[in-house]
Amino acid sequence: MPRQRARKTNRGTIDTVVYRKAADEHFKDKTKIRTLAKKYNVCHVTLYRLIRKLKAGYRCVNRVLTSKEETILQDYIIQCFKVYFGLVPTEVRKLAYELAVKHQKKYLEKWDENYMAGKQWLSGFLKTSKFISEKPTGNEPI
0 MPRQRARKTN
10 RGTIDTVVYR
20 KAADEHFKDK
30 TKIRTLAKKY
40 NVCHVTLYRL
50 IRKLKAGYRC
60 VNRVLTSKEE
70 TILQDYIIQC
80 FKVYFGLVPT
90 EVRKLAYELA
100 VKHQKKYLEK
110 WDENYMAGKQ
120 WLSGFLKTSK
130 FISEKPTGNE
140 PI
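In terms of numbering that gives the first Met the number 0, the sequence shown has 25 at position 26, counting the first letter as 1, and numbering is strictly consecutive.
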């Protein structure tokens, strides 16, 4: 039977939660990485690598409404569906335009000409929405 090798260091045994706490503190308080590494007793290189990965992040490019604002719009559409017969796609596009104007978001100039969001925005919104059918045809309610 092989004998068990005794560990000589504690490298690699530190929980990822500790690294995450240190990274959050770095983003929040702008504390130096080496200071945090000493405070949490972790490797500064590993902490730097994690912070660099988190900084890069993966965010949506050219997104008009945030996910919170889109959920507000979804909730309103659900409410309209319960009270009335739902909304046609052009009404949803007008609501999106009004919401973008209200929150002073950056959007295409074409939205100002038509006073409504574009068809591509609507198709993207419908793909991310779980409760709405993906392919509205004509003036059927969403």
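All residues carry an ideal CB built from backbone N, CA and C; glycine is no exception.
The structure displayed is predicted, hence computed values, not measured ones.
Rounded to whole angstroms, what is the Cα-Cα separation between residue i and residue j?
{"i": "P1", "j": "K7", "result": "18 Å"}
{"i": "Y83", "j": "I76", "result": "10 Å"}
{"i": "L121", "j": "Y106", "result": "13 Å"}
{"i": "C79", "j": "L86", "result": "7 Å"}
{"i": "K118", "j": "D23", "result": "39 Å"}
{"i": "K81", "j": "T65", "result": "25 Å"}
Residues in its own chain within less than 6 Å of residue i by CB, not counting five upstream and five downstream?
{"i": "A21", "result": "L35, Y39 and L46"}
Please name the residue in the options whose C-alpha comes closest to that of residue i.
{"i": "V41", "options": "K129, I50 and R10", "result": "R10"}
{"i": "V63", "options": "K31, W110, K129 and D14", "result": "W110"}
{"i": "R92", "options": "F80, Y114 and K104", "result": "Y114"}
{"i": "E68", "options": "T12, E90, V60 and K104", "result": "K104"}
{"i": "K29", "options": "E108, I50 and A95", "result": "I50"}
{"i": "T70", "options": "R48, L94 and T89", "result": "L94"}
Go ahead and label residue i buried or exposed: buried means 16 or more other beta carbons lie within 10 angstroms of its beta carbon, across all protein chains shown.
{"i": "F124", "result": "buried"}
{"i": "H102", "result": "exposed"}
{"i": "R4", "result": "exposed"}
{"i": "A99", "result": "buried"}
{"i": "R33", "result": "exposed"}
{"i": "R19", "result": "exposed"}
{"i": "A55", "result": "exposed"}
Sorted by chain position, which residues of the same chain lie with C-beta nearer than 7 Å to residue i's C-beta, five sequence neighbours on each side aside?
{"i": "S128", "result": "Q73"}
{"i": "I13", "result": "V41"}
Starting from the C-beta of residue i, find all residues in its chain whose C-beta is less than 8 Å away, skip the five residues before and the five after it, and write them out in chain order.
{"i": "E133", "result": "Unreliable placement is indicated for E133, whose pLDDT of 42 sits below 50; no coordinate value is reported for it."}
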